[in-house]
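Notes follow once the structure below has been shown.
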Amino acid sequence: MAATKDAIEAALERGHTIDITTTGRRSGEPRRLEIVFHNIDGRIYISGTPYPRKRRWLLNLEADPHLTFHLKGKTRADLPATARVIDDETERRAILPHIALAWKRDDLDRMVRYSPLVEVTFDPR
């Protein structure tokens, strides 16, 4: 049974673990991985812990911003979406404190410099 619109909206109100499927920038094959999303003031973001090298999933989204956002758990849905990689330091400094707080991190400067950060917009259904 497909998830209702209300169930999907409720699931998106709170950040939790999801899967995303990107398209491999070299292979063109689907690449699925588990990751956490955050709802900050009604906008959906995906981030990760700071690391100096870009993750493959982020490189894939830079090459092709289309992805599938897979809700899992009580509400299950596969949502087509588009990613916008956020590189602007001012914008990153406005968003990442919320994520640092949720993760109980005290290394905001490191997160701003090295954490992947993507805003997700859902495609019309």
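The numbering of the sequence shown is the working numbering, which starts it at 2 and goes up by one. Ideal Cβ positions, reconstructed from N, Cα and C, are used throughout, including at glycine. Owing to the predicted nature of the structure, the values given are computational and were not obtained by experimental measurement.
Listed in chain order, the non-local C-beta contacts of Ala11 below 8 Å within the same chain comprise Thr76, local neighbours out to five positions each way being set aside. Rounded to the nearest whole angstrom, the CA to CA distance from Tyr115 to Pro53 is 5 Å. The beta carbons of Leu118 and Leu102 sit no closer together than 8 Å. Residue range 31-41 is occupied by the beta strand (DSSP E) that includes Arg33. For Pro98, the enclosing alpha helix (DSSP H) begins and ends at 90-103. Here Asp79 carries a strand assignment [DSSP, helix/strand/coil].
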